[in-house]
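**Student:** Before we start, here is the structure in question, set down as C-alpha cells.
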Amino acid sequence: MPSPIADYAFLSDLESAALVGRDGSIDWLTFPRFDSAACFAALLGTPEHGRWLLAPASTPRRVERRYRDASLVLETVYTTDEGEVAVIDCMPPRDDQLDVIRLVEGRRGRVQMQMELVIRFDYGSIVPWVRRIDGDLSAVGGPDALRLRTPVEVEGRDFTSIASFTVGEGDTVPFQLTWHPSHEECKPAGDVPAMVRDAERWWQSWCNRGARFRKPWREAVRSSVVVLKGLTYSRTGALVAAPTTSLPEHIGGVRNWDYRYGWLRDATFSLLALLAAGYRDEASAWRDWLLRAAAGAPGSMQIMYGIAGERRLPELELDWLPGYQGSTPVRIGNAASAQYQLDVYGEVMDVLYHAAGELTEGPDEWNLQRALMDFLESGWKEADEGLWEVRGPRQHFTHSKVMAWVAADRAIRSVEELGRDGPLDRWKALRHEIKEWVLTNGVDDRGVFVQHPGTHDLDASLLMVPLVDFLPPNDARVIATVDAIDEQLTSEDGFVMRYVPRQELDGLPEGEGAFLLCSFWMVQALALMGRTDDATKRYERLLSLRNDVGLLSEEYDPKTKQLLGNIPQAFSHTALVNSAMLLSGSGRVRSRRLSDEAGAAPSG
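In terms of the numbering used here, the sequence shown opens at residue -7 and continues consecutively.
Below, the structure is given as C-alpha cells:
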C-alpha cells in the first residue's frame, strides 16, 4: 500500500517530477515532462507498478527529513540500531540530461542498505527489456529507456533489480538514474556528489534573486515559493496545478483528477505570489505562455492547457491501476478542459492588469484583453460549470458573475490608470449591469451571497467578494456571508469546505475533504475585515498541516487528520504566500485600490 499522502516529498528538475516517501521509495516519476506517462506508478497501485526503494534493510528507529537550504534537494536521515545513514535525493535542474540522483552517505556505525528498482513504463503497464551495457543497467520499453549507474552490484530477480550493500561512517555510494529516448544513446555518467552540490547552488542562487521575506513566516513563504518554481515547466513558463494525478479527495472515492496541466486560474494566483516575492522572470514567462496558449477566438479560451499550450487533453481511465488505497478510477487527461468557466476571464483580466505595472509589455497583452472584453459583453450572461468544475448541469454561479465584474472593472482601471484605449462608457455600463445582477440574484433574503440563484446553498468561493474588491470588507452582505460560511461550511477546528457536495449539482457521489485554498481565503477575508487575531490563529493552524518538508496537498480531512488530493498543490502554496504577505503588511490580495463602484457600495 502506498504511504500516506503527507509522507511524500517532491523532487523537480523544472520539467518533470518525482515523489519520494519517508520509507525511501520513489513511488512516482514522470519523464520527460510533468504530464508524461509515469515509469514509477506505485503511488497509484503497488510496487509492481514501478518504484525505486533505497533505504536501510532494517526498520529505522527514527527518520528525519529536510530540504537542504532553499532547494528541492532532499536529505533523509535514518537512525537504526547499527548506526546512521543519509540518503540525498534530487533531480538536477535540467540541462541536456534527465536524471534522478541518489547519494547514500554513512554518518555513524555500519548500516546495511537495500535497493529495489522496479521499472514499469506507461503507468505500470510495460515491463521493460533489461540488460547490461558497459556495466550499467539498461531498461527499454517502447519510446522510453532508463539507465542505472552505480558501483553497487545489482542483480535481477522476478523482473526486479535488487542490491544489498553496507555503508560505513564516511562512505558515499552514488546512484544515477538517467532517462533517454530509447532510439538514442544515453548521455555519459556524471559525478554524482558534484551534481548534488551544483543542484543546491542552483536553487540557492535562484532563491537569492527574489525579495527578502519578512518574519514571522519567512521560511514558510520561501519554501512555498520554491515549490511554485518546482511546478514550473521551464521550457514554456507554464505552471502545473500539481505534479500528480488521481490522488483522491476522499479515500476510496471517485473524485480523482489529473492536475498536471496549466490552469489559467491557478496560475494567475501563482503569478501574483511570484510577483509579490520578486520573481519577475517567472511571472513574465507565464504571461507569455498565456498569450500563446489563449491565442485565437476569445470565446474558445479554455480554462486549462497542456504545458506547451496543447488544447486537447482527452480524459482516459487506466483500469489496470487499482488507485491510491483503492481510490478509482485512475484518470489521465482532464475533461474539464472543455468546460465553460466564466470566472477565468476575470482571473486573466485581473492578473494582466496587475502585471502591467511590473512587467515589460508589448501590444499583444492589451489586444488580448480587448478581445476578451468583446466576448464578455454577451458571454457573461451564459450559465457555466463554475470555479469548481462541476460535472452536473450548468448554473448561473454567483462567483462566476462576480469575476465577470472583475474583468470589466480591470478593463476600466487599465484605461483610467494605465492610459489604455477602450470604450470606457460601454465598459462602465457593463460593470454596473453585472453588479446589479449579482446583488439582485446572488444575495438571498438573509443578505447572504449564495452559490447560484434559487438556492440558499453557500459556496466558499464567495469569500472572494471582498478579496477582488466587488464590495468592501465592511459591507453588511460581506460580513453576513463570511459568518454564514464560517458557521455552515467550516469544521470545528477552522477548515473550510468548498460547498456541501450534492450529486445533483456536481454529478458525483458525495465525499471530499476541506479545501485548503478556501481556508486561506477565510484568513484573507478575516484580515481585511480587521479580525487580525482570528486570521492569524487560523493561518498558523493551516501552517501546521504542512508535512515535515513543508508541503501541502489540495485538501485536508478534519476527521481523519490527513492530507488529501494531489500534492504539492500550487493553489495551496500560492494561498499560503499571499496570506502571509497580507498578514505581514508586505503585499496586496488582489487589488491596488477599491474601485469607485466598490467603494461606494453600502456598508449596512
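No residue lacks a Cβ here, since even glycine has one placed at the ideal position from N, Cα and C.
1) For Q443 and E374, what's the separation of their Cα atoms in angstroms?
2) Mind listing, in chain order, the continuous alpha helix (DSSP H) runs of no fewer than 4 residues lying wholly within the region 149 to 217?
3) Do you know how far the Cα of D258 is from the Cα of Q554?
4) Could you name the residues that DSSP lists as bridge partners for C510?
5) So Y491 packs on D461, CB below 8 Å; how close in whole Å?
6) Which term fits K221, buried or exposed, when burial requires 16 or more other beta carbons within 10 angstroms of its beta carbon?
7) Applying the criterion that 16 or more other CB atoms from any shown protein chain within 10 Å of the CB defines a buried residue, is P385 buried or exposed?
8) Can you name, in chain order, every residue of its own chain whose Cβ lies under 6 Å from the Cβ of A49, other than the five neighbours on each side?
9) If you run the structure through DSSP and keep just helix, strand and coil, what is L129?
10) Is it buried or exposed, F151, if we count other Cβ atoms within 10 angstroms and call 16 or more buried?
11) Which one of V65, G446, L459 and G439 has the shortest CA to CA distance from D475?
12) Among V146, R57 and L544, which one has its Cα closest to the Cα of P560?
13) Is E309 helix, strand or coil when you go by DSSP?
14) If you reduce the DSSP assignment to three classes, tell me which class S276 lands in.
15) Buried or exposed, going by whether 16 or more other CB atoms sit within 10 Å of the CB of L136?
16) Enumerate in chain order the residues of its own chain whose CB-to-CB distance from E369 is below 7 Å, with the five nearest sequence positions on each side excluded.
17) Grouping DSSP H, G and I as helix and E and B as strand, with all else coil, what is S8?
18) Curious, which full-length alpha helix (DSSP H) runs of at least 4 residues does the region 69 to 146 contain?
19) Between the alpha carbons of D485 and R323, how many angstroms are there, rounded?
20) I need the DSSP call for Q361, collapsed to helix, strand or coil.
21) Quick one: which unbroken beta strand (DSSP E) runs of 3-plus residues sit fully inside the region 290 to 353? Chain order, please.
22) What residue range does the alpha helix (DSSP H) around F462 cover?
23) Counting only the same chain and skipping the five closest in sequence on each side, list residues whose C-beta sits under 6 Å from that of P306.
24) Using the DSSP secondary-structure output, state which residues sit across from V488 in a beta bridge.
25) In whole angstroms, what is the alpha-carbon distance linking E339 and S226?
26) Are there 16 or more other CB atoms within 10 angstroms of the CB of G244, so buried, or fewer, so exposed?
27) Going by DSSP in three states, G222 sits in which element: helix, strand or coil?
28) If you reduce the DSSP assignment to three classes, tell me which class W380 lands in.
29) Between which residues of its own chain and L586 is the CB-CB distance below 8 Å, once the five residues before and five after are set aside?
30) Indicate whether the contact test is met: 3 or more Cβ pairs, each with one atom in the region 354 to 368 and one in the region 390 to 401, closer than 8 Å.
31) State the start and end residues of the unbroken alpha helix (DSSP H) segment that holds L410.
32) Excluding sequence positions up to five away, which residues of its chain have a Cβ less than 6 Å from the Cβ of G160?
**Tutor:** Looking at the coordinates:
1) 16 Å
2) 184 to 200
3) 23 Å
4) For C510, which the question treats as bridged, DSSP gives no partner whatsoever.
5) Incorrect: roughly 23 Å between the Cβ atoms, too far for contact.
6) Within 10 angstroms of the beta-carbon of K221 lie 16 or more other beta-carbons, which makes it buried.
7) exposed
8) Q104 and Q106
9) strand
10) Answer is exposed; the Cβ neighbour count stays below 16.
11) Selected option, being the one with the closest Cα: G439.
12) L544
13) strand
14) helix
15) At residue 136 the sequence reads Asp, which differs from the Leu that was named. Answer is buried; the Cβ neighbour count reaches 16.
16) L422
17) DSSP places S8 outside both helix and strand once states are collapsed to three, so it counts as coil.
18) 113 to 116
19) Taking the Cα positions, D485 is about 32 Å away from R323.
20) helix
21) Those beta strand (DSSP E) runs which fall completely within the region 290 to 353 and span 3+ residues do not exist here.
22) Segment: none, F462 is in no alpha helix (DSSP H) and carries neither H nor E.
23) G325
24) T482
25) 23 Å
26) exposed
27) helix
28) coil
29) Here L586 scores only 47 on pLDDT, less than 50, and its place in the model should not be relied on; the value that follows carries that caveat. Same-chain partners within the cutoff: D461 and P464.
30) yes
31) T390 to L410
32) Leaving aside the five residues that flank G160 on each side, the residues in its chain whose CB is nearer than 6 Å to its CB run, in chain order, G98 and R102.
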